[in-house]
Amino acid sequence: MFEIFVDSAANIPAELVKAFKIKVLSFVNLVNGKEMTCFDPDLTPEEERQKGKDYYDMVRAGADIKTGLISSGVFEDAFREALEADKDVLYFSLSKNISGNYNSARIAAEDLMESGNYTRKIRMIDSLNASLAQGILAIYASEMREKGMAFDEVADILETCPAKMNGVFTVGDLKYLARTGRLSGTAAVIGNVLSIKPILRGNKDGYIVQYKKCRGRKSALNELISLVCNNIVEPEKQIIGIAHADAYEDSLYVMEEIQKHIKVRGFINTSYDFCTGSHVGPDTIAMFFMGNDRELQGMK
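Heads up, the sequence shown is in numbering that gives the first Met the number 0, so the first residue is 0 and it goes up one at a time.
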């Protein structure tokens, strides 16, 4: 038997965390100097959406937001509990090229394994991505576990998936990308005036890079739809992830349009996690799906 862990950047709704028996270690943000735990296991989908709206309204209003890592100590305590219960540990991480969180977990895992106190194993899978790109892999792991598949078999299969799991997104206001250094301040101001909406993606190395530029919000949303429909593999077997930073109506639009073109197994449509969402800003909308690789193709 094994336990499945994610950090809260994996963006799995609370009801699915319970249904798939996944363990979530939460980031804690400082909002105007007060601690806010990013994941609440007891919220309904409606409450999660309202909490998302409230949070991104605070960001819009200029709240002072500070994000940080989950400490190695938190990881060590969580992993130790599983090991002492005679369970292996499988952890799906936010990309190490986006956050230092993977390294925090690695230090904890190495300390536990080097202690010689445990016969069980810890395996870590770097999603090379964020949000539901992590979360969907954890859900697939849970389904495999439910079928009785062995720990190493599940980990071996899912280690191949980050190279195929695409994440594409667009933002509402370019100033948040400028704050993180992904865009110059001048380019952000000019882009906002001209209504330039970039399409960004996680590349094969786990970095966020620009894919193309669109003129206007609707054009950007339609580009996201095209990228999903033209690059997804066996959509009828896949869960497509949609994470939005208080852009619920837009998330419904892209979900409905995708279903006009392809038949999919299902969707997860949820508020963008507050840790990584703070860096891309309100009105961001992101899509996550499996393709042959991460080399996206445009319109066919």
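Here a beta-carbon is modelled for each residue, glycine too, at the ideal position from N, C-alpha and C.
Out of Glu113, Lys95, Arg119, which has the shortest C-alpha to C-alpha gap to glutamate 83?
-> Arg119
DSSP-derived helix/strand/coil call for arginine 200 | strand
Distance between aspartate 85 and arginine 144 (C-alpha atoms, nearest Å) | 16 Å
As assigned by DSSP and simplified to three states, the class of lysine 65 = strand
Report yes if the CB atom of aspartate 6 is closer than 8 Å to the CB atom of asparagine 100, and no otherwise.
-> yes
Environment of leucine 220 [buried if 16+ CB atoms lie within 10 Å] = buried
Strand pairing of isoleucine 124, partner residues [DSSP] = Phe91
Indicate the three-state DSSP secondary structure (helix, strand or coil) for asparagine 116 in the structure shown.
-> coil
When the Cα atoms are used, what is the spatial distance from lysine 196 to leucine 295?
-> 18 Å
Run the CB neighbour count on glutamate 255, radius 10 Å, all protein chains shown included, and call it buried at 16 or more, exposed below.
-> exposed
Beta carbon of aspartate 41 nearer than 8 Å to that of alanine 13 = yes
Bridge partners of phenylalanine 38, per DSSP?
-> Answer by DSSP bridge pairing: none, since phenylalanine 38 is not bridged.
Residue from Phe168, Thr159, Asn230, Gly240 with nearest C-alpha to isoleucine 207 = Phe168
Spatial neighbours of serine 71 in its chain, beta-carbon cut-off 6 Å, leaving aside the 5 residues before and after = Ser103, Ile106, Ala107
Arginine 216: which of Lys203, Tyr252, Ile238 sits nearest, CA to CA?
-> Tyr252
For leucine 127, I'd like the list of residues in its chain whose CB is within less than 6 Å of its CB, leaving aside the five on either flank, ordered along the chain.
-> Ser94, Pro161, Gly205
In angstroms, rounded to a whole number, what distance separates the CA positions of threonine 275 and lysine 211?
-> 21 Å
Since threonine 269 sits in a beta bridge, which residues does DSSP pair it with?
-> Ala242
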